[in-house]
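Chains as they are written, first to last, in my numbering: chain A, 1 to 221; chain B, 1001 to 1150; chain C, 2001 to 2149.
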């Protein structure tokens, strides 16, 4: 069964977000009433991960899958991490804004997670900037191709990176406001219900980045 | 607990309330403020209209008190960055402020943290301020985030 | 006891409603006027091209608290003078003078509790092409109910 997930969003747990998780879930139901399809979100708070917080009751109430990841600052730009474990938290200081992104990629892989560089085409901070300086990322297979919070030319750079470099691409809203959730989603061929299943689905390569408008056709079809 | 960062600054400012003021809210200040942002609501621009509407004097628009906080916060002596800009502002009005009010401010350092963005590493310095009027009534809470850039 | 008549009732808005974009523009004269409130000696980065360039800006910018005042004005024009219970803005980019500023408002939450009939608005301000984001934020409005009117 196809799963539509927004793989990149921030709740008020992030310093620059002004949306609560509850508000995101309410807004997803607004999107559904408008005819769009979105099954869930992955919260990717900046520079932190809360192991204890449990959204399952809220998620069930609103019929929206809520998974947890993180967006970490590295010396090679921001990186989304999926399936964050306590083991990874022991090996990596999530608050270190200058950590080596390549170490993070390795550590996440070691602990059963996966790293997807966020908004790689973003000027001044995206992965493309560092690749142009000659930095290589041999263990990287997936980048965020569509970031609904980026400028169009930044997403074009990300598309060029994927097309020329052979990277698979995800999509996420990068929402910091409730009404921005779901603007871009990743369409998975598989059913995704948990963080390990998300990693599995990403590793399978059976996904594509789309804007929310494309999911309207999925609802009708 | 403040966030741990790599750069030195004056941690002794935590837990200390910095007092500033008094700031007199005059009809002139309200009028210039309102005029400069194109405000035309009668209670903000016309004392008589405000009186007729039942207020004690010309009413200050909701975010006016943020004017008084600027330039009043202590230097945290951050050993980082060269350029500063205004990163964010939050104003929570608690009671109506009118011309003739005398405000005082009590501010404390909430947090200093770093992050990275298009312009490199940035340090955010976050202050919280409570404004009271001459009767001791809290009229607004204000949070200001000042960003220091490499 | 005031006799201010509300412009907007809680029952008038729904989750998902969109207002705007409201198009604003700030002139050089308005900024100079605003800066006079600080006793800010001209020239400075808010009022002078050369000073703005000296600190790495393309041109003079609108002060953050003035931008906030503009946002507040739009909200009170729409909802009523004393409806703003909270305004929380994150400045994402320098706001230029004399350029169209598109301010969008979306109703992102509504609730009724002891504090009142609360309406949360998501706020954005961008250039007309929406490829330069000047700010994001939220406003909490406390609106009167028709039931109480």
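Every residue, glycine too, gets a C-beta built ideally from N, C-alpha and C.
Owing to the predicted nature of the structure, the values given are computational and were not obtained by experimental measurement.
Closer than 8 Å to chain B by CB, residue i
i                       : result
residue 111 of chain A  : no
residue 2073 of chain C : yes
residue 175 of chain A  : no
residue 172 of chain A  : no
residue 123 of chain A  : yes
residue 91 of chain A   : no
residue 2010 of chain C : no
residue 2001 of chain C : Confidence in residue 2001 of chain C is poor, its pLDDT being 43 and thus under 50, which makes the residue's placement too unreliable to answer from.
residue 6 of chain A    : no
residue 2091 of chain C : yes
residue 2034 of chain C : yes
Rounded separation between residue i and residue j - CA only
i                       : j                       : result
residue 2095 of chain C : residue 141 of chain A  : 38 Å
residue 2128 of chain C : residue 1134 of chain B : 44 Å
residue 44 of chain A   : residue 1115 of chain B : 15 Å
residue 1037 of chain B : residue 1098 of chain B : 18 Å
residue 2146 of chain C : residue 2080 of chain C : 14 Å
residue 1029 of chain B : residue 2008 of chain C : 28 Å
residue 1001 of chain B : residue 1110 of chain B : 9 Å
residue 35 of chain A   : residue 1059 of chain B : 45 Å
residue 2083 of chain C : residue 1082 of chain B : 39 Å
residue 1076 of chain B : residue 1008 of chain B : 9 Å
residue 37 of chain A   : residue 1100 of chain B : 55 Å
residue 1117 of chain B : residue 2059 of chain C : 21 Å
residue 2003 of chain C : residue 207 of chain A  : Residue confidence for residue 2003 of chain C is low, a pLDDT of 44 falling below 50, so the modelled location carries little weight and cannot support an answer.
residue 1079 of chain B : residue 2047 of chain C : 29 Å
residue 115 of chain A  : residue 93 of chain A   : 15 Å
residue 147 of chain A  : residue 6 of chain A    : 10 Å
residue 159 of chain A  : residue 13 of chain A   : 30 Å
residue 194 of chain A  : residue 1026 of chain B : 59 Å
residue 1088 of chain B : residue 1051 of chain B : 34 Å
residue 2018 of chain C : residue 180 of chain A  : 13 Å
residue 1053 of chain B : residue 1035 of chain B : 20 Å
residue 1011 of chain B : residue 1140 of chain B : 26 Å
residue 2115 of chain C : residue 2144 of chain C : 11 Å
residue 1013 of chain B : residue 1085 of chain B : 21 Å
residue 216 of chain A  : residue 47 of chain A   : 34 Å
Chain A within 8 Å of residue i, Cβ atoms only
i                       : result
residue 2061 of chain C : no
residue 2015 of chain C : yes
residue 2065 of chain C : no
residue 1081 of chain B : no
residue 1077 of chain B : no
residue 1119 of chain B : yes
residue 1003 of chain B : yes
residue 2131 of chain C : yes
residue 2137 of chain C : yes
Cβ distance (whole Å) where residue i is taken to contact residue j below 8 Å
i                       : j                       : result
residue 177 of chain A  : residue 2122 of chain C : 4 Å
residue 1107 of chain B : residue 1128 of chain B : 7 Å
residue 2022 of chain C : residue 2074 of chain C : 5 Å
residue 192 of chain A  : residue 3 of chain A    : 4 Å
residue 154 of chain A  : residue 182 of chain A  : Rounded, the Cβ-Cβ distance is 20 Å, inconsistent with contact.
residue 80 of chain A   : residue 40 of chain A   : Contact flag wrong, Cβ pair sits at about 15 Å.
residue 2090 of chain C : residue 2135 of chain C : 6 Å
residue 2093 of chain C : residue 2020 of chain C : Contact doesn't hold; Cβ gap of about 19 Å is too wide.
residue 1091 of chain B : residue 1142 of chain B : 5 Å
residue 169 of chain A  : residue 209 of chain A  : 5 Å
Spatial neighbours of residue i in its chain, beta-carbon cut-off 8 Å, leaving aside the 5 residues before and after
i                       : result
residue 2001 of chain C : Low confidence applies to residue 2001 of chain C: its pLDDT is 43, below 50, so where it sits in the model is not reliable, and the reading given next is rough at best. Answer for residue 2001 of chain C: no residue qualifies.
residue 196 of chain A  : 83, 112
residue 150 of chain A  : 119, 121, 122, 158, 174
residue 52 of chain A   : none
Other residues of its chain near residue i: CB distance less than 6 Å, five sequence neighbours each side excluded
i                       : result
residue 2025 of chain C : 2100
residue 2066 of chain C : 2034
residue 2085 of chain C : 2140, 2142
residue 2011 of chain C : 2146
residue 157 of chain A  : 121, 128
residue 1104 of chain B : 1021, 1022, 1132
residue 2106 of chain C : 2018, 2122
residue 1042 of chain B : 1049
Residues near residue i in its chain [Cβ-Cβ closer than 7 Å; skip 5 each side]
i                       : result
residue 1039 of chain B : 1045, 1061
residue 100 of chain A  : 74, 75
Cutoff 8 Å: residue i Cβ touching any chain C Cβ
i                       : result
residue 151 of chain A  : yes
residue 1112 of chain B : no
residue 48 of chain A   : no
residue 1032 of chain B : yes
Identified DSSP bridge partners for residue i
i                       : result
residue 111 of chain A  : DSSP lists no partner for residue 111 of chain A.
residue 68 of chain A   : A:43
residue 1115 of chain B : B:1122
residue 2142 of chain C : C:2118
residue 2096 of chain C : C:2061
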